[in-house]
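K.L.:
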Amino acid sequence: MEYDVVIVGAGPTGLSATIRLKQMRIEKGVDLSVCVVEKGAEVGMFLISWFPHPKIETV
16 MEYDVVIVGA GPTGLSATIR LKQMRIEKGV DLSVCVVEKG AEVGMFLISW FPHPKIETV
């Protein structure tokens, strides 16, 4: 697989960069492929680990 841009981390900065790149792609009319790589099980997992919160269980 080949990408024009690879962003490491799906936290606030990584996702903001991805959104801005996609907006610029549309504005400039350029084809741009972006890949976001996240090591956590959820988007922004590192940030979540700084602020522990109780788990909400569904019934």
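Everything in the sequence shown is counted per our numbering, starting at 16 for the first residue and increasing by one. We put the beta carbon where it would ideally sit given N, CA and C, even for glycine.
Shortest alpha-carbon distance to V52 belongs to which of V20, G24 and D46?
P.N.:
Ranking the options by Cα distance to V52, first place goes to G24.
K.L.:
Taking M39 as part of the alpha helix (DSSP H), name the residues at either end of that continuous run.
P.N.:
Element bounds for M39: P27 to K43.
K.L.:
Among the residues of its own chain, which have a CB less than 6 Å from the CB of S48, if the five just before and after it don't count?
P.N.:
Hits under 6 Å: Y18 and D19.
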